[in-house]
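The sequence shown begins at 4 in this note's numbering and counts up one residue at a time. Positions of the beta carbon are idealized from the N, C-alpha and C atoms, including for glycine.
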Amino acid sequence: MYEKIQETANWLRAKMPSRPTTAIVLGTGLGRLAEEIAITMAIDYKDIPNFPVSTVEGHTGRLIFGTLGDRDIMAMQGRFHYYEGYSMKEVTFPVRVMYELGIKTLFVSNAAGGMNPSFKIGDLMIITDHINFFPEHPLHGPNFPTGPRFPDMHEPYDHELIRLADAIAEEKGIQVQHGVYVGTQGPTFETPAEYRMYRIIGGDAVGMSTVPEVIVARHCGIRVFGVSIITDLGVEGKIEEVSHEEVQKAANAVQPLMADIMREMLLRV
4 MYEKIQETAN WLRAKMPSRP TTAIVLGTGL GRLAEEIAIT MAIDYKDIPN
54 FPVSTVEGHT GRLIFGTLGD RDIMAMQGRF HYYEGYSMKE VTFPVRVMYE
104 LGIKTLFVSN AAGGMNPSFK IGDLMIITDH INFFPEHPLH GPNFPTGPRF
154 PDMHEPYDHE LIRLADAIAE EKGIQVQHGV YVGTQGPTFE TPAEYRMYRI
204 IGGDAVGMST VPEVIVARHC GIRVFGVSII TDLGVEGKIE EVSHEEVQKA
254 ANAVQPLMAD IMREMLLRV
């Protein structure tokens with residue numbers, strides 16, 4: 004696998020128009036944030052050696068290079084999920100490639116179900132920590148030479164970046180929430196009992212992604228900032244039937260606010 008990672012990185016390096024040190028993963032319903040990027044090069048995942056291909060509606064499936072806030076960036080327009088049938092090594096393959104290409108800071112975004120009773124649909128939740136409920140760990144197996152066998156996870160989401168996002172949100176008058184993200188394998192949305200369980204153990208929002216990417220990024224020493232868009236509610240008494248289409252619609256409505264925060268963060272990082 005490590006040889007494939009290096010092969011892919013070398014292939015991309017030969018084509019890259021710039022050498023960004025920041026990357027963004029655009030999740031469900033958030034792919035339109037790519038419209039905020041001044042694109043200099045975009046490559047479909049299917050055309051990149053060894054890359055998986057996203058099969059989820061709302062995930063365009065291309066790797067973008069360009070500028071956002073006048074800063075060079077790399078962006079994944081669509082990610083890979085464990086529920087699609089990929090192994091954790093495949094799910095996190097792009098993050099390994101990012102490291103080889105010199106990425107130092109990773110912004111991750113997702114759509115999530117809110118379990119905190121103070122949340123409402125359309126809230127932006129800055130992720131302060133996570134709980135890993137995936138049945139396979141992304142670092143399972145032989146250790147990659149990018150980090151230690153037993154990596155520390157006391158600060159999975161960078162405190163300095165969280166403070167910066169809070170300051171920008173306050174300046175712009177954007178209300179943000181903070182919370183713990185619970186990562187599950189999916190693809191079913193949660194039952195009322197599961198929502199209660201995840202809330203009891205300390206979760207504020209739940210989704211089907213992000214956690215594996217963050218674990219591998221931290222193993223590589225990459226700083227991480229994460230944000231969830233609350234697209235449905237798992238609060239007792241407020242749980243309603245939810246569909247993927249409704250999740251996309253809710254995410255699309257609020258993503259301009261997320262773009263405002265991320266654009267300004269890039270200028271100041």
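In whole angstroms, give me the CA-to-CA distance for residue i and residue j.
i       : j       : result
Trp-14  : Phe-54  : 11 Å
Val-230 : His-133 : 12 Å
Leu-167 : Phe-192 : 32 Å
Gly-176 : Gly-144 : 46 Å
Ala-262 : Met-19  : 24 Å
Phe-68  : Glu-87  : 26 Å
Ala-172 : Gly-116 : 22 Å
His-62  : Gly-81  : The pLDDT assigned to His-62 is 49, lower than 50, so where the model puts this residue is not dependable, and the model offers no usable value.
Asp-73  : Ala-41  : 9 Å
Thr-95  : Val-238 : 31 Å
Ser-90  : Pro-97  : 13 Å
Phe-110 : Arg-16  : 21 Å
Val-56  : Met-268 : 29 Å
Glu-93  : Phe-122 : 33 Å
Gln-9   : Arg-99  : 9 Å
Thr-108 : Tyr-198 : 31 Å
Pro-151 : Tyr-48  : 29 Å
Phe-136 : Ile-233 : 19 Å
His-84  : Ile-264 : 26 Å
Val-214 : Gln-258 : 21 Å
Ile-51  : Val-185 : 31 Å
Arg-266 : Leu-36  : 10 Å
What residues in its chain sit with their C-beta under 8 Å from that of residue i, if we drop five residues either side in the sequence?
i       : result
Thr-131 : Tyr-160, Ile-165, His-181, Gly-182 and Val-183
Met-44  : Lys-18, Met-19, Pro-20, Ile-67, Phe-68 and Gly-69
Ile-2   : Within the shown structure, residues of the chain are numbered from 4 to 272, placing residue 2 beyond reach of any answer.
Residues in its own chain within less than 7 Å of residue i by CB, not counting five upstream and five downstream?
i       : result
Ile-46  : Arg-65 and Leu-66
Pro-138 : Gln-188
Ala-256 : Gly-125
Tyr-102 : Thr-149, Cys-223 and Ile-225
Tyr-5   : Phe-147
Assuming residue i and residue j are in contact, meaning their beta carbons sit under 8 Å apart, how far apart are those beta carbons, in whole angstroms?
i       : j       : result
Ile-124 : Ala-253 : 6 Å
Gly-30  : Asn-119 : Not confirmed; about 19 Å, so no contact.
Leu-104 : Ile-218 : Actually they do not touch by this definition, with Cβ atoms about 19 Å apart.
Leu-127 : Val-179 : 5 Å
Met-211 : Pro-195 : 18 Å between Cβ atoms; not a contact.
Using DSSP bridges, identify the partner residues of residue i.
i       : result
His-181 : Ile-129
Gln-80  : Leu-29 and Arg-65
Ala-208 : Gly-117 and Tyr-184
Ala-45  : Ile-67
Asn-135 : Gly-186
Thr-108 : Thr-25 and Arg-226
Leu-236 : Gly-117
Count the other CB atoms within 10 Å of the CB of residue i; is the residue buried (16 or more) or exposed (fewer)?
i       : result
Arg-271 : exposed
Gly-205 : exposed
His-157 : exposed
Phe-153 : exposed
Ala-170 : exposed
Glu-216 : buried
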